[in-house]
């Protein structure tokens, strides 16, 4: 596993996460498609805000389950608590230093049809766990 660092444009908000980045997730929901984010999921144990906690603002819409954080100075969306796993994190890989995004495979998430896409993702996860003899 590698440790990656990232920041907003002005550098007030910085963060790090420790994870293997093997792909990027592109969501076509109304907010992700507009901001052009490419996401990578991580959890609380592997994610840390280093600086700028007080410089963050949060945006919520729709079900108000997801929390989309952005720097209140430069406006860059750095990370979020996603609706599908609001206790976890997704980081915007476009804000991460040292990644060459062109080499990462991109997976698609149909956020325009969120309920069906989330169910398909959950079903696929449960099938994979069942194949390995694990419970969800």
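In this note's numbering, the protein residues as written are 421 to 556.
Quick reminder that beta carbons are idealized off the backbone N, C-alpha and C, glycines included.
- Here DSSP, grouped into helix, strand and coil, assigns residue 526 to strand.
- One thing to note: residue 511 has its Cβ no nearer than 8 Å to the Cβ of residue 438.
- If you look at residue 452, you'll find it in the alpha helix (DSSP H) that goes 450-455.
- In this structure, residue 553 keeps its C-beta atom at 8 Å or more from the C-beta atom of residue 449.
- Rounded to whole angstroms, the separation of the alpha carbons of residue 488 and residue 524 is 23 Å.
- Distance from the Cα of residue 528 is smallest, within the candidate group 440, 456, 430, for 456.
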